[in-house]
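K.L.:
First to last, the protein sequences are chains A and B. First residue of the first sequence? That's 28 in this note's numbering, and the numbers climb one at a time after it. First residue of the second sequence? That's 3 in this note's numbering, and the numbers climb one at a time after it.
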Amino acid sequence: DIQMTQSPSSLSASVGDRVTITCRASQTISSYLNWYQQRPGKAPKLLIYAASSLQSGVPSRFSGSGSGTDFTLAISSLQPEDFATYYCQQGYSTPSFGGGTKVEIK
Amino acid sequence: QVQLQESGPGLVKPSGTLSLTCAVSGGSISSNNWWSWVRQPPGKGLEWIGEIYHSGSTNYNPSLKSRVTISVDKSKNQFSLNLNSVTAADTAMYYCARKAWDRPNYFDSWGQGTLVTVSS
Chain A
28 DIQMTQSPSS LSASVGDRVT ITCRASQTIS SYLNWYQQRP GKAPKLLIYA ASSLQSGVPS
88 RFSGSGSGTD FTLAISSLQP EDFATYYCQQ GYSTPSFGGG TKVEIK
Chain B
3 QVQLQESGPG LVKPSGTLSL TCAVSGGSIS SNNWWSWVRQ PPGKGLEWIG EIYHSGSTNY
63 NPSLKSRVTI SVDKSKNQFS LNLNSVTAAD TAMYYCARKA WDRPNYFDSW GQGTLVTVSS
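In structure tokens:
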């Protein structure tokens, strides 16, 4: 099984800040890495697929990068609706998710 | 735009069987996608349970494989989850989701989720 590790597990930030979240795979997964946003009480929403491709309808302030084992999700200018929990998911083999990163208001 | 809706009992007794159905609307379950179940224990992260293709082919999470069965009903455009021998550890929000046919295997449509509690 491929283990996914996210860091940090939580962070505090202000509206307008640039935020980065990292995700590391226990073995190489090429670019088969996806990112999701989950707001409280809601289902996850796909943001980024294949490491860096923006899902249709997702604001361009979200971006993804990385390949192999190390990946990053960046939010260029945090908006009030971006306070949520973010998950990475590897799609190289049997799907597995990272533990999540909760983005809170400072 | 495809929509998914979970349904089923919200309370299951320990050692019993959890049964949920996911109705798909706005699209065909016979499209080139996998149809998955994902769960999330309260306050915790996401766990993929398994998936089915419209042909009936299935894949399961090895950690749950011995207790899980996923089936499809093309005539009703829906798929179902059975999880047997449940314990309190199976208490979770259960989501159905559409997964891409191949890598990068992303989940691009999700149901709203249904909370299942295992308790006597």
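Idealized CB from N, CA, C, for every residue including glycine.
1. Using the beta-carbon count (16 or more within 10 Å), is A:G84 buried or exposed?
2. Under DSSP, the beta strand (DSSP E) around B:E53 begins and ends at which residues?
3. For B:D92, name the three-state secondary structure that DSSP assigns.
4. Exposed or buried, what is B:D92 when buried is set at 16 or more other beta-carbons lying within 10 Å of its beta-carbon?
5. Touching or not, the stretch 14-31 of chain B and the stretch 61-75 of chain A, by the rule of three or more beta carbon pairs under 8 Å?
6. Closest by CA to A:A77, which one among B:D75, B:G113, B:Y108 and B:W39?
7. So B:N84 is in the beta strand (DSSP E); what residue range does that whole segment cover?
8. Do we get a CB-CB distance below 8 Å when we pair A:G126 with the residues of chain B?
9. I need the boundaries of the beta strand (DSSP E) containing B:E8, first residue and last residue.
P.N.:
Answer, in terms of the structure:
1. It is exposed - the Cβ of A:G84 has fewer than 16 other Cβ atoms within 10 Å.
2. E49 to I54
3. helix
4. buried
5. no
6. When each option's Cα is compared against that of A:A77, the closest is B:Y108.
7. Q80 to L85
8. yes
9. Q5 to S9
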